[in-house]
Structure formats: structure tokens, C-alpha cells
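When we follow the UniProt record's numbering, the leftmost residue of the sequence shown carries the number 1, and every step to the right adds one.
C-beta: ideal position from N, C-alpha, C; glycine also.
Computed from a predicted model, the values in this text were never measured in an experiment.
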Amino acid sequence: MVNPINAAAAYANTAFNTTGPGMAPRNGVSFGDVLEQTAKEVIGDLKQGETMTAKAAVGQADLTDVVQAVTNAEVTLQTVTAVRDKVLSAYQEILRMPI
1 MVNPINAAAA
11 YANTAFNTTG
21 PGMAPRNGVS
31 FGDVLEQTAK
41 EVIGDLKQGE
51 TMTAKAAVGQ
61 ADLTDVVQAV
71 TNAEVTLQTV
81 TAVRDKVLSA
91 YQEILRMPI
């Protein structure tokens, strides 16, 4: 599951491991790599929730497992939405900066 604390830690790790113009990564982990890994985790959480829901529809899954998977997917989606909103807000703020 993706949560804001893990996302902040990954961002901080990326920020501390970069230097100079262009922000080349020191340890081989770029912001793009962190973003890609996080996106894969999000997609995995959402797919697991969908799979468990489909299994429940045909009676192949325990209800508690289904509720847990769907809740996990919902929390993940809320986190992604919150991060997206913050990124868009920051971008809009940058656009409003005087040159």
C-alpha cells in the first residue's frame, strides 16, 4: 500500500541523493524511478481490489479479504488523488511566480 509517509521518505531520499545542475542521482535512483515504482504499487493495489471483488461475485473469496482489499485500494486511490492535487497546486503556484 502506498501511503504519504512512504512517499515523503522516497522523495526526501531522492532529494538528498542528488547534486548540482540537472540533479543527477548519486546512487542511481532517480525521481523517475521512484515515481515508476510507486505507480506500479498503486496499480497492483487497485488490481488486487478488483480481483477480490470479482472473486467475491462468484463466491470464491472470503468477505473479510474482499473488504480489506477494496479498502486498501480505496485508501491508495485517495492518496494518489491527494498527491495529484498537491502537484497541480504547486505547478499553478509556479506559474503565478513573477519572472
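Annotation: the continuous alpha helix (DSSP H) that includes Ala39 extends over 31–57.
Going by beta carbons, Leu63 and Ala56 fall inside the 8 Å limit. Assigned with DSSP and collapsed to three states, Arg84 falls in helix. Going by C-alpha positions, Ala61 is about 32 Å away from Leu35. In this structure, DSSP gives Ile99 a state outside helix and strand, which the three-state scheme calls coil.
DSSP, reduced to helix, strand and coil, places Ala61 outside both helices and strands of the structure shown, so it counts as coil.
Judged by beta-carbon spacing, Thr53 lies within the 8 Å limit of Val66, meaning their Cβ atoms are closer than that value.
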